[in-house]
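Counted the way this note's numbering counts, the sequence shown spans residues 7 to 311. Quick reminder that beta carbons are idealized off the backbone N, C-alpha and C, glycines included. Contents: one structure, followed by commentary.
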Amino acid sequence: MTEESLIVPARFSGARLDKAIADLLPQVSRSMAQKLIGEENVILNGKTAGKSDKVRADDEITVFVPDPVELIAVPQNIPVEIVYEDADLLVVNKPKGMVVHPAPGNPDGTLVNALLYHCGDSLSGIGGVIRPGIVHRIDKDTSGLLAVAKNDAAHAGLAAQIKDHSFTREYRAVTVGHLPQPKGSVSFPLGRSRTDRKKQAVNGINARPAVTHYEVLKSYEGFDYCKFALETGRTHQIRVHAAALGHPVAGDTVYGGEKNTLGLAGQCLHAKKLGFIHPVTGRYMEFDSELPPYFEQFLSRLKEQ
């Protein structure tokens with residue numbers, strides 16, 4: 007257990023204790039702060055804190071944070087579409103709704119669980135026991151192509167290409183409304199939101215450069231069908247950049263694209279194309295996946311409007 011001592015800055019005066027803790031301790035979410043308070047692991051000005059407590063400037067907070075328990079990913083016989091596989095890597099086509107790796111709230115049923123069953127011990131260890139072989143990831147409700155490393159050399163080679171922006175990642179999406187130009191680029195830096203730790207934001211905390219290129223492929227009433235290409239690969243990058251343009255990805259309930267989506271469940275975003283130099287053979291490889299049924303069905307509904 008770790009003991010964290012805090013002095014409340016003036017800007018938090020009047021704030022709820024759980025919110026102040028979550029904002030001041032990056033490793034503690036608001037829900038976790040509430041749990042710690044309920045378990046009497048928070049001391050406010052020398053007394054055990056209560057759930058409804060608020061803080062004032064210069065209050066003293068002591069938080070006892072339990073040591074994290076590392077999740078252990080276990081093999082599970084879950085069907086997964088393998089697009090390509092050799093001794094060094096594989097490319098999978100992840101379905102919408104599947105989480106990439108285990109995390110609190112999603113301990114199993116993930117792509118990693120499926121890969122452990124399929125590959126056995128033949129996955130890169132660089133990602134640790136929770137992310138073996140995972141070089142890059144896509145969101146739970148984003149479908150499409152993902153490269154997975156089967157050894158550390160392949161992992162390092164693919165990661166280097168991602169870092170120097172030579173790793174091709176092309177997506178298809180439907181956005182709400184019409185993008186400002188038929189073709190363009192977005193270069194807003196992205197970091198963790200200052201108001202919601204689960205979201206990313208333009209110029210957020212520890213913002214890093216982020217570049218997304220887009221092209222409108224077809225316009226419908228109230229929507230655009232687009233191609234997005236990543237130059238960088240920040241968390242939620244396409245979703246945040248599209249929302250920053252005022253035209254979020256359709257169905258994206260986190261960044262404002264949930265309106266008038268004709269029954270669409272989750273964001274309409276698909277990782278369609280993946281291209282890279284094979285880290286062992288040196289041969290350029292490119293993969294393309296068809297739009298999944300949910301995406302095609304949504305486009306059909308837009309055509310019928």
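Problem - Simplified DSSP state of L164, which is helix, strand or coil - result: In the structure shown, L164 sits in a helix (DSSP, three-state: H, G or I).
Handout entry: For H276, the residue or residues it bridges with in DSSP
Key = S149, R178.
Problem - Burial state of K224 (16 or more Cβ within 10 Å) - result: exposed
Problem - Identity of the residues DSSP links to Q40 by a beta bridge - result: DSSP output for Q40 lists no bridge partner at all.
Exercise for the section: Confirm, please, whether the CB-CB distance from V246 to Q378 is below 8 Å. Expected result: Limits of the chain in this structure are 7 at one end and 311 at the other, which puts residue 378 out of reach.
Handout entry: A248 to S35 span [Cα, whole Å]
Key = 26 Å
Handout entry: Spatial distance of G111 from K204 (CA atoms)
Key = Taken atom to atom, the span from the alpha-carbon of G111 to that of K204 is near 14 Å.
Handout entry: Beta-carbon proximity check, V69 vs N47, cutoff 8 Å
Key = yes
Problem - Alpha-carbon spacing of A21 relative to L30, whole angstroms - result: Going from the Cα of A21 to the Cα of L30 covers about 12 Å.
Practice task
Using DSSP bridges, identify the partner residues of Y231.
Solution key: Beta-bridge annotation (DSSP): Y231 is paired with V180, K224.
Problem - Cβ-based burial, Q243 [other Cβ within 10 Å; buried from 16] - result: buried
Handout entry: CA nearest to the CA of I132, picked from H142, H124, Y123
Key = H142
Exercise for the section: Classify L297 as helix, strand or coil using the three-state DSSP reduction. Expected result: coil
Problem - Reference T116; option with closest CA among A93, V86, F293 - result: V86
Handout entry: DSSP-derived helix/strand/coil call for Y123
Key = It is helical.
Practice task
With DSSP collapsed to three states, give me the class of R200.
Solution key: coil
Problem - Nearest to I49 (by Cα), restricted to the options L23, S37, A28 - result: L23
Handout entry: Beta-bridge pairing of R240 - partner residues as DSSP gives them
Key = Per DSSP, none; premise fails for R240.
Problem - Outcome for A26 when other beta-carbon atoms lying within 10 angstroms are tallied against a minimum of 16 - result: buried
Exercise for the section: Could you pull out every residue in the same chain whose Cβ sits closer than 8 Å to the Cβ of N266, ignoring the five residues on either side in sequence? Expected result: Cβ within range, chain order: V182, G228.
Problem - Supposed contact pair E221 and K189 - C-beta distance, whole angstroms, cut 8 Å - result: 5 Å
Practice task
Can you give me the start and stop residues for the alpha helix (DSSP H) that A28 sits inside?
Solution key: 23-30
Practice task
Can you grab the Cα-Cα spacing for the pair I140 / S19, in whole Å?
Solution key: 42 Å
Exercise for the section: If I'm right that P285 touches D145 with Cβ under 8 Å, what's the distance once you round it to whole angstroms? Expected result: Wrong, their Cβ atoms sit about 25 Å apart, outside the cutoff.
Handout entry: CA nearest to the CA of Q82, picked from Q311, K57, P113, T54
Key = P113
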